[in-house]
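Counting with my numbering, you get residues 525 to 719 for the letters of the sequence shown.
Beneath this line is the structure, given in structure tokens, with notes to follow.
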Amino acid sequence: MEKLIGLKRIKVAVFISGKGSNLLNLIKNFKKKNSKLSIELIFSDNKFAGGLQYGKRYDIPVKILNYKKTKFYAEKEALKELNRREIKIICLAGFMKILSLNFIKKFKGKIINIHPSLLPKYKGLNTHQRALDNKDKYSGCTVHHVTPKLDSGKIIIQKKVKIYKNDNSKLLGKRVLKQEHVIYPIALKKLISSL
Ligand code: GRF
């Protein structure tokens, strides 16, 4: 297998669709001097995604994926750019599209995602409300490998978050997001140490 860890930093691309707090957190984390990773590219399927501002702020190239044509087209364009920039790892962070098997195969074991629930519970959307409706004692977040099946790949790390008596989905979501920012960088470190 190709040796990923050398003197150079491992290049990472982050895919977003929304406000990008996880993206910002990763950028800040990997700006540290001794970091083995560097975020070199940001993709979004949504040209209005709030997180795109961080591309400008931190001088990281941003590319908008054109899913209006086809998924095949959008992924083909993405792959060209990923290869051109020698990206080795892909982080999905609030990216609202499902990647095809063909795309995932090209980055085998090197695409990961963050999800705001304790998977396998509550795949998909509205995770906080579903945890509250079921009167769960805990919710949490998960970083996992990406497969073409939604939120179903092998789990890398999880963090529990306590649900309080008078909680609501906004408050719970805020506390979960805070923990997402803790575990995503840890998951990445775990991933690269296993490569
Ligand atoms: C996070 O809760 C993440 O777990 C989910 O989408 C949200 C993205 O938030 N997949 P942000 O755009 O990183 O702030």
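Ideal Cβ placement from N, Cα and C applies to all residues, glycine included.
None of the values given here were measured: they were computed from a predicted structure.
Looking at the ligand GRF, does it come within less than 8 Å of residue i, judged from the CB to the closest heavy atom?
{"i": "Val670", "result": "no"}
{"i": "Cys615", "result": "no"}
{"i": "Glu601", "result": "no"}
{"i": "Ser562", "result": "no"}
{"i": "Asn607", "result": "no"}
{"i": "Gly697", "result": "yes"}
{"i": "Pro585", "result": "no"}
{"i": "Ser624", "result": "no"}
Mark residue i as exposed unless 16 or more other C-beta atoms lie within 10 angstroms of its C-beta, in which case mark it buried.
{"i": "Ser718", "result": "exposed"}
{"i": "Asp657", "result": "exposed"}
{"i": "Tyr578", "result": "buried"}
{"i": "Gly544", "result": "buried"}
{"i": "Glu610", "result": "exposed"}
{"i": "Asp569", "result": "buried"}
Between the options, which lies nearest to residue i when the distance is taken from Cα to Cα?
{"i": "Lys580", "options": "Leu547, Lys612, Glu610", "result": "Leu547"}
{"i": "Lys659", "options": "His669, Lys689, Ile638", "result": "Lys689"}
{"i": "Ser641", "options": "Asp675, Cys615, Val670, Ile613", "result": "Asp675"}
{"i": "Lys686", "options": "Lys678, Ile679, Leu695", "result": "Leu695"}
**Message:** Any contact between the segment 626-635 and the segment 553-560? By contact I mean 3 or more CB pairs, one from each, below 8 Å.
**Reply:** no
Which whole runs of the alpha helix (DSSP H) in the segment 604-671 are 4 residues long or more, in chain order?
625-630, 651-657
Mind the definition here: the segment 645-657 touches the segment 587-602 only if three or more C-beta pairs lie below 8 Å; say whether that holds.
no
Within the segment 545-609, ranges of the beta strand (DSSP E) (whole runs, at least 3 residues): 561-568, 586-588
* Asked: Are at least three pairs of beta-carbons, each pair with one atom in the segment 699-718 and one in the segment 662-681, less than 8 Å apart?
  -> yes
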